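Each residue of the sequence shown is one higher than the one before, starting from 48 at the first, in the working numbering. Positions of the beta carbon are idealized from the N, C-alpha and C atoms, including for glycine. Everything numeric in this text was worked out from a predicted model, so none of it was measured. What follows is a short report on a single structure.
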Amino acid sequence: MGSAPDAAPTPATAASSTSASTTERPLDATWSRPPDAVLAELGTDARGLSSADAAARLAEVGPNRLPPPQRDPLWKRILVHFDDILIYILLVSAVLKAILGDWVDFTVILAVAVINAAIGFIQEGRAESALEGIRNMLSVNAEVRRDGAWARVDADDVVPGDIVRVRSGDRVPADVRLIQATNLRVEESALTGESVAAAKSVAPVGADAGVGDRSSMLFSSTLVAAGQGVGVVTATGTATEIGRIQTMISEVRSLATPLTRQLDRFGKLLAVLILAMAVVMVIIGRVFHDFTVPELISASIGFAVAAVPEGLPALVTITLALGVQQMARRRAITRKLPAVETLGSVTTICSDKTGTLTKNEMTARTVRTGGRTFAVAGAGYAPVGDVTLDEVDGERHADLSDDRDLAALATVMMLCNDARIVPDGEDADGWRLVGEPTEGALRTLGMKAGVDPTGWRRVAVVPFESENKFMATLDADPDGGLHVHVKGAPDRVLDRCATQVGPDGAPEPLDRAFWDAQIDTLGGQGLRVLAAARRPAADGTTDLDVADVADGLELCGLVGIVDPPRPEAIEAIAECRDAGIRVKMITGDHAGTALAIGREMGIVDAHDGSSAPAVLTGPELEEMSTERLRAVVRDVDVYARTSPEHKIRIVSALQSHGEVVAMTGDGVNDAPALTQADVGVAMGIKGTEATKEAAEVVLADDNFATIERAVKEGRRIYDNIRKSVLFLLPTNGAQSLVILVAVLFGLTLPLQPVQVLWINMITAVTLSLALAYEKAEPDVMRRAPRDPKASILDGAYVRRILLVSLLIGGATILLFYVERAQGVPLAEAQTTAVTMLALGQLAYLFNCRFLDRSSLTLDVLRGNRVVWVSAATLLALQAVFVYAPFMHSWFDSAPIALAEWGKTLGLALVVFLLVEVIKWVGRRWTARDHVPALVERHDAS
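Rendered as structure tokens:
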């Protein structure tokens, strides 16, 4: 059955005659009624609704969406942020302080726990808002007929009575009664549990048919596996079949990631260590130094709250959420947060060519018929440019009346085509494509050649499918004669041809060897090659299927199309190679085309010294064993004439070598390969809903350069998390060291528990957040990819944490006991110690801005405005701690003189310089131990 024409009379407005009962509730057993009866009861017809009628129905029935999943009550969402073993330690400490009657300390400790929970709760809300925004960006569109023309609208705006059209790869937007269907099969496993796609047709079925047997219906949220169809919406939102059983496919996973689970394990280990050390402190303090019980409890509480990095979980979550939002601004939408970590360790990117590596603005350049070659001028979709022919006496313009071979080919390409070229409303001199890029180029070719489609009428169609790689139409000419037109991959079309069109338009025997040579010649020029064929059809023919074009066709010729590479993609590929990431192009194009584009883009080296072929084709892959494929897969960078099944084999073979693979895809059959890959990347514009659902990342602009930017952003996010951990742990280590040394040696405590909490609190709300905003390190894309199984902290970083803890803690102990030896009052000396910790941590923050490279550069003073805002806030809060009278009562602090500020600033500077020495030694060790291994890895790749 033919698809609907592109133009139709204005639909009658049915809003006034449509009762609430036909739109507010689904109709009964629509699958058992003829289409015309369903259309009539819904107050619509095959021409669709008017915009006004659709708006009225939308206001009546509401948006076409299911209610959001029920959230936990507010109290539960708040309490969950106290469910952490480190927070338990703080709460127990607060209870012990209350038992001892120290209500100021109790209040401050409890306040820190509450502030931490509040930060987590607020960030959870921000994260949910960010993910909701991502859901909105990934919302399903629907193709509906409004005001007599096909248009794309948000699926939320679909209403009962709308006429919708679906094609292979689309998600069905609502429950639909079919009125047209062509080779239509739908994946309904989410609804029926059947793994095999269900065949669909227009014919009614029994009223008692189960959901899986309702072949005349399409159901909301199911996926079209093949073919195309047109139908009328019978139910939306909660009235749909899937709405009634409340089964929605989740689009975004939770915030739990491998990294956060690793940090959770670290928190439990740290809690055990803190409790063990507290017990040791109590025993030593009681047995050897005769501390009283209240003193020991206070010291143990001080040690516990000093050692607990209570801000770490919230800090990691904030860094991840900020990174995901930044990636979205860069047109890479992260649907599944673990992908943020995996992106930083990608070693191989397998990419489609069309639209991802290239601009997706296809232009016909060459036409090859049985005896002649025509050149086509112009670029893009504007029908401006001449079709010319080189002859002995010079170049001449082609004319359809004289060049019958060109007329035959251009007519096939114009009519066997679903694209339209229309004036661009935003550009007075521009043209806009409505449809697929390849079909747009062929439509433009027909317009340039002078083909007039007026009077032709499409009767039936065999839509393009990846397994067939061709499209066929049954068309009626202005005189009523019927013709079959076929266009598609040259090898598939040639297999179906028996003759070819001669220069005079008459048929002649097919010269297969000649055409195979022409395909290789055009493909070697980097052109995508398509073939056109035709045959007459018998009068009275109304249907067309694949079997009708199995043989007996007449070949019209070939068209060479160029899709220019994206300049930014060429630069991105070079960046990836510098980062140790190999880029592999996987395409359905001819081997010559793929190889030419690969060389132009820098994917293929002129000669890399390996014995592997420069390009592998689908048939060659079919003949290869798994072992043979694994042996060559890392050395081959271009794969041509591939199917979706081949992509899975390629990804699996790469993964067998320990490669971390990112795979791009757009077609419905690409979903398994995206699932197999470590990071699935779907195209946001040309990608189907099936691929978006399977992917971890969606590219909003379908641009390869966006993948490279996403990898860079993933590395930056991971670096910033490491910087944050590297900053927080020594600050807690230094505070706990101060108390531990005092108790073990029977000395006066340099810090009281509430003073430790003060330091924790002001650093948590100031300094610790600054590193989440750090820009990428200059060498972030010149490093080898990291091992995804490696710990966030390697041995060198653990050593640095211990040494920095000793430095800041040692400076604090030294300053406190020197002050006491000089007769400074206890409160004033402790205030100086607190100030030393604050300024020491501030100095160390600048060390942490760069993981390994030196901070002795002006760059450390610029590039992150948040660092200076945090530093100013810290100094202001510390000044309040030192000089505000109410703080003296709460925290036992006291005013200090400028001399003490000078001492603390001097020691903080010493800490900064000594940490730089530690980093320098670390760089020397790294250069000695790891560069040979890195070079070996790079050479191997």
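Output the boundary residues of the beta strand (DSSP E) element that contains residue i.
| i | result |
| --- | --- |
| M730 | 726-730 |
| V252 | Premise fails: V252 is in no beta strand (DSSP E) and is neither H nor E. |
| P556 | 554-556 |
| S398 | 395-398 |
| I608 | 600-609 |
| M710 | 708-712 |
| L436 | 434-438 |
| W478 | 478-481 |
| T589 | Taken as a continuous stretch (DSSP letters only), T589 belongs to no beta strand (DSSP E), as it is neither H nor E. |
| A424 | Unbroken run through A424: none, as it is neither H nor E. |
| K631 | 629-633 |
With a threshold of 7 Å on Cβ separation, who are the neighbours of residue i within its own chain once the five nearest residues in sequence on each side are excluded?
| i | result |
| --- | --- |
| M460 | L489, L492, G493, K534, A579, V606 |
| L462 | P500, W503, T520, D522, H532 |
| P938 | In the sequence on display, residue 938 carries Phe and not Pro. Cβ neighbours of F938 beyond the five flanking positions: V801, Q802, W805, F928. |
| V593 | V509, N515 |
| P556 | T546 |
| G573 | V609, T640, A643, I644, E647 |
Could you tell me how far apart the beta carbons of residue i and residue j are, in whole angstroms, since I believe they sit closer than 8 Å?
| i | j | result |
| --- | --- | --- |
| T420 | T410 | Not quite, the Cβ-Cβ distance comes to about 17 Å (not below 8 Å), so this is no contact. |
| I136 | I321 | 6 Å |
| P612 | L404 | 6 Å |
| T283 | V223 | Incorrect: roughly 10 Å between the Cβ atoms, too far for contact. |
| V744 | T394 | Going by Cβ atoms, the distance from V744 to T394 rounds to 16 Å, so no, they are not a contact pair. |
| H693 | G665 | 5 Å |
Closest by CA to residue i, which one among the options?
| i | options | result |
| --- | --- | --- |
| D538 | D636, I732, A346, A700 | D636 |
| G332 | D465, A747, F792 | F792 |
| T951 | Q925, V964, D939, M934 | Q925 |
| T269 | D598, R214, D119 | R214 |
| P832 | I396, I348, G109 | I396 |
| F153 | E963, L804, L529, D834 | L804 |
| L96 | Y864, L905, G278 | G278 |
| M808 | D766, L861, N750, V881 | V881 |
| D713 | G314, G148, L359, D399 | D399 |
| L898 | L853, G549, Q782, F774 | F774 |
| H992 | Q565, R900, I566, L591 | No information on residue 992 is available, as it lies outside the stretch 48 to 988 that the chain covers here. |
| V851 | A868, D906, T878, A955 | A955 |
| A876 | A885, D83, V865 | V865 |
Residue i by DSSP, collapsed to three states: which one?
| i | result |
| --- | --- |
| L924 | helix |
| T810 | helix |
| I943 | coil |
| M494 | helix |
| A202 | helix |
| C544 | strand |
| A643 | helix |
| I226 | strand |
| M648 | helix |
| M184 | In this prediction, M184 scores a pLDDT of 47, lower than 50, which makes its location untrustworthy; no coordinate-derived value is stated. |
| V233 | strand |
| D986 | Caution is warranted here: a pLDDT of 44 is assigned to D986, below 50, making its placement in the model unreliable, and the coordinate value is therefore given only provisionally. Three-state result, D986: helix. |
| H336 | coil |
| A174 | With a pLDDT of only 46 at A174, under the threshold of 50, the placement of this residue in the model should not be trusted; the figure read from the coordinates follows. A174 falls in the helix class under three-state DSSP. |
| Y135 | helix |
| R971 | helix |
| T904 | coil |
Only counting the same chain, and skipping five residues up and downstream in sequence, which positions put a Cβ closer than 6 Å to that of residue i?
| i | result |
| --- | --- |
| R752 | As written in the sequence, residue 752 is Ala, which differs from the Arg given in the question. Correct list, in chain order: E615, A616, A619. |
| R575 | I608, D636, T640 |
| A931 | none |
Over what stretch of residues does the alpha helix (DSSP H) that includes residue i continue unbroken?
| i | result |
| --- | --- |
| M828 | Note, M828: premise wrong, no alpha helix (DSSP H); not H, not E. |
| S852 | 842-868 |
| T778 | 751-791 |
| H693 | 691-702 |
| L529 | Where L529 is concerned, there is no enclosing alpha helix (DSSP H), although the beta strand (DSSP E) it sits in stretches over 529-535. |
| R688 | That residue, R688, is in no alpha helix (DSSP H); it is neither H nor E in DSSP. |
Enumerate in chain order the residues of its own chain whose CB-to-CB distance from residue i is below 8 Å, with the five nearest sequence positions on each side excluded.
| i | result |
| --- | --- |
| W948 | T882 |
| P81 | P251 |
| L86 | D92, A93, I226, V279 |
Nearest chain D C-beta to residue i closer than 8 Å, yes or no?
| i | result |
| --- | --- |
| A103 | No chain D appears in the structure shown, which is made up of a single protein chain. |
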